[in-house]
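> Residue numbers (the working numbering): 77 to 533.
Just so you know, even glycine gets a beta-carbon here, dropped at the ideal spot from N, CA and C.
Because the structure is a prediction, the values reported are computed rather than measured.
Quick one: structure below, then a few questions.
Here it is, written out as structure tokens:
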């Protein structure tokens with residue numbers, strides 16, 4: 077039997093760097109049962125692995141700990157549960173930091189759980205030896221071609237370990253890498269008692285999670301009809317009113333800015349969709365063509381009729397690897413003939429590098445003239461012929477770090493040794509930074525073991 081008829085699940089973080097005010101406002105501006113927070117992206121995992129290699133107790137989203145410190149009194153008072161993938165590559169250290177915050181506030185009986193098992197970096201060679209190919213899903217290439225440069229490897233776990241943590245009494249659940257919709261699906265499984273074979277229901281929870289996973293992107297943020305979005309400064313972040321039968325309403329707290337209508341929700345549905353008839357996740361496959369959206373009142377969109385199917389026998393693995401170095405720099409060029417002068421500047425840079433024996437292949441070079449329709453190249457009707465100012469953006473990439481650094485030394489001199497009107501240089505001399513490559517692959521679910529650990533203050 078469901079624990080309650082309707083469950084309110086909000087998402088207050090669409091990425092690491094999203095508005096810190098969003099989750100704070102969500103817990104203060106109206107009722108909630110669950111607050112989900114999504115911090116992770118593919119490149120984030122590699123960054124966190126690097127941080128952990130330098131400091132054993134690092135490797136998680138420190139912003140999450142500061143947020144818990146700020147909103148813990150409201151969470152305890154209102155009995156709001158939190159599910160966040162803030163654990164990154166070190167959920168145990170994240171849990172320890174959160175427990176210190178709880179101790180600081182003097183609360184007893186607050187239960188925190190972590191979900192582990194997604195981080196397979198240390199097991200990668202063992203898994204390969206067992207027969208796992210980790211072939212690149214885009215190119216089919218063997219992982220062996222980049223194995224020495226691998227910096228992180230994580231599988232996208234499903235929602236049932238989150239549900240298990242909640243079943244065991246957790247008020248705060250911290251995970252590593254998992255699917256973004258899983259943060260929302262987990263509470264639904266826990267509250268409504270959905271089973272692993274309830275594919276339509278699991279698909280409904282997956283669709284709900286997908287709609288809210290980018291935060292305000294379904295409540296008027298990044299919205300084509302932006303002129304009709306009221307009070308964007310106080311945009312309301314999304315709330316799911318979920319029911320045990322798989323129907324749900326997308327809404328936001330009353331009195332907040334933004335907009336929730338069929339169009340704003342449909343905009344987000346199309347985000348990173350892939351095959352609309354088979355949106356694949358670790359718990360099910362969801363058919364995005366099966367359901368209906370309908371306006372159910374002001375800032376309320378009803379979603380019903382979601383259909384699902386069985387999941388695949390594999391997890392998707394997100395593997396990152398070192399793929400060389402890059403540098404990017406910008407110059408402001410203004411005055412008459414700004415575009416022509418910017419073109420000359422770019423030509424000067426490449427010729428001066430060649431004079432010093434440093435050349436880049438065409439695929440290793442980037443030149444953009446921001447202000448002359450570069451953002452919509454191939455879409456806009458024509459390049460602007462005589463803008464009053466442009467930003468010359470130049471970049472290179474190479475496996476040779478010294479070569480990339482050499483490029484960075486040629487932009488600044490243009491201020492005095494190039495054409496007139498080079499009036500601004502942003503960001504200092506460009507220096508080589510690492511390029512993190514993304515390697516998507518599959519791994520058998522039978523080879524991955526999840527662990528749920530629960531601790532009470």
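(1) DSSP puts residue 228 in a beta bridge; with which residues?
(2) For residue 520, list the residues DSSP reports as bridge partners.
(3) Report buried or exposed for residue 319, applying the criterion of at least 16 other Cβ atoms within 10 angstroms of its Cβ.
(4) Should residue 80 go down as buried or exposed, given a rule of 16 or more other Cβ atoms within 10 Å for buried?
(5) Check the DSSP bridge columns for residue 470 and list the partner residues they point to.
(6) Got a sec? Which residues, its chain only, sit under 7 Å from residue 527 by beta carbon, not counting five neighbours each side?
(7) If I measure Cβ to Cβ from residue 436 and keep anything under 7 Å in the same chain, skipping five residues before and after, which residues do I get?
(8) Please determine if the segment 271–281 and the segment 294–305 are in contact, where contact requires at least 3 C-beta pairs separated by less than 8 Å.
(9) Which runs of the alpha helix (DSSP H), 4 residues or longer, sit entirely within the segment 217–263?
(10) Residues in its own chain within less than 7 Å of residue 175 by CB, not counting five upstream and five downstream?
(11) Nearest to residue 163 by alpha carbon, out of 114, 196, 487?
(12) Would DSSP call residue 342 helix, strand or coil?
(13) Does the distance from the C-beta atom of residue 306 to that of residue 328 stay below 8 Å?
(14) By the three-class DSSP mapping on this structure, what secondary structure does residue 529 have?
(15) With DSSP run on the structure shown, which of helix, strand or coil describes residue 80?
(16) How far does the alpha helix (DSSP H) with residue 165 in it extend, from its first residue to its last?
(17) Confirm, please, whether the CB-CB distance from residue 289 to residue 257 is below 8 Å.
(18) Which residues mark the beginning and the end of the alpha helix (DSSP H) in which residue 566 is found?
(19) From the DSSP secondary-structure annotation, give me the bridge partner or partners of residue 157.
(20) Quick one: what's got a C-beta closer than 7 Å to residue 267's C-beta in the same chain, skipping five residues either side?
(21) Starting from residue 130, follow its DSSP beta bridges and name the residues at the other end.
(22) Can you tell which of 338, 331, 86 has its C-alpha closest to the C-alpha of residue 372?
(23) Just to check, is the beta-carbon of residue 165 closer than 7 Å to a non-hydrogen atom of the ligand FAD?
(24) Can you name, in chain order, every residue of its own chain whose Cβ lies under 8 Å from the Cβ of residue 284, other than the five neighbours on each side?
(25) What do you reckon, are the CB atoms on residue 369 and residue 377 nearer than 8 Å?
(26) Which same chain residues end up closer than 7 Å to residue 312 when comparing Cβ atoms and leaving out the 5 residues on each side of it in sequence?
(27) Determine whether the beta carbon atoms of residue 487 and residue 418 lie at a separation below 8 Å.
(28) Less than 8 Å between the C-beta atoms of residue 463 and residue 414, yes or no?
(29) What do you get for residue 104, buried or exposed, if any count of 16 or more other CB atoms within 10 angstroms of its CB means buried?
(30) Taking residue 412 as the reference, give the member of 361, 212, 396, 495 with the closest Cα.
(31) Determine the DSSP secondary structure at residue 359, reduced to helix, strand or coil.
(32) Determine contact between the segment 145–153 and the segment 207–214, defined as no fewer than three beta-carbon pairs at a distance below 8 Å.
(33) Quickly, what does DSSP pair residue 370 with across the bridge? List them, please.
(34) Using DSSP with H/G/I as helix, E/B as strand and the rest coil, what is residue 287?
(35) With DSSP collapsed to three states, give me the class of residue 302.
Looking at the atomic coordinates:
(1) Under DSSP, residue 228 forms a beta bridge with 396.
(2) For residue 520, the beta-bridge partners assigned by DSSP are 390.
(3) By the neighbour-count rule (16 or more Cβ atoms within 10 Å), residue 319 is buried.
(4) Residue 80 should be labelled exposed.
(5) According to DSSP, which records beta bridges pairwise, residue 470 is partnered with 405, 443.
(6) Correct list, in chain order: 192, 193.
(7) Exclusion of the five residues before and after residue 436 leaves 472, 474 as the residues of its chain whose Cβ lies within less than 7 Å of its Cβ.
(8) Taking 8 Å as the limit for Cβ pairs, the verdict is that the segment 294–305 does not touch the segment 271–281.
(9) If we require 4 residues or more, the alpha helix (DSSP H) runs fully inside the segment 217–263 come out as 236–243.
(10) Same-chain partners within the cutoff: 188, 531, 533.
(11) Among 114, 196, 487, the Cα nearest to that of residue 163 belongs to 114.
(12) Helix at residue 342.
(13) Cβ distance not < 8 Å, so residue 306 and residue 328 don't count as in contact.
(14) Strand at residue 529.
(15) Coil, per DSSP.
(16) Note, residue 165: premise wrong, no alpha helix (DSSP H); not H, not E.
(17) Contact annotation: residue 257 and residue 289 have beta-carbon atoms nearer than 8 Å.
(18) Because the chain here runs from 77 to 533, residue 566 falls outside it and cannot be looked at.
(19) Answer is 110.
(20) Closer than 7 Å at Cβ, skipping near neighbours: 78, 79, 80, 83.
(21) Paired residue(s): none; residue 130 is not in a bridge.
(22) Looking at the Cα atoms, 338 is the closest of the given residues.
(23) This structure lacks the ligand FAD, and indeed carries no ligand of any kind.
(24) Cβ neighbours of residue 284 beyond the five flanking positions: 85, 257, 260, 261, 264, 316, 318, 324, 326, 379.
(25) Yes, they are a contact pair.
(26) Only 295, 328, 329, 332, 333, 334 meet the Cβ criterion.
(27) No; because the gap between Cβ atoms is not below 8 Å, this pair is not in contact.
(28) It is a contact, given that the beta carbons lie within the stated cut-off.
(29) By the C-beta density criterion, residue 104 is exposed, having fewer than 16 other C-beta atoms within 10 angstroms.
(30) Proximity to residue 412 across 361, 212, 396, 495 peaks at 495, based on C-alpha coordinates.
(31) Coil, per DSSP.
(32) The answer is no - the segment 207–214 does not touch the segment 145–153, with fewer than three Cβ pairs under 8 Å.
(33) Beta-bridge partners assigned by DSSP to residue 370: 378.
(34) The answer is helix: DSSP assigns residue 287 an H, G or I state.
(35) In this structure, residue 302 counts as helix in the three-state DSSP scheme.
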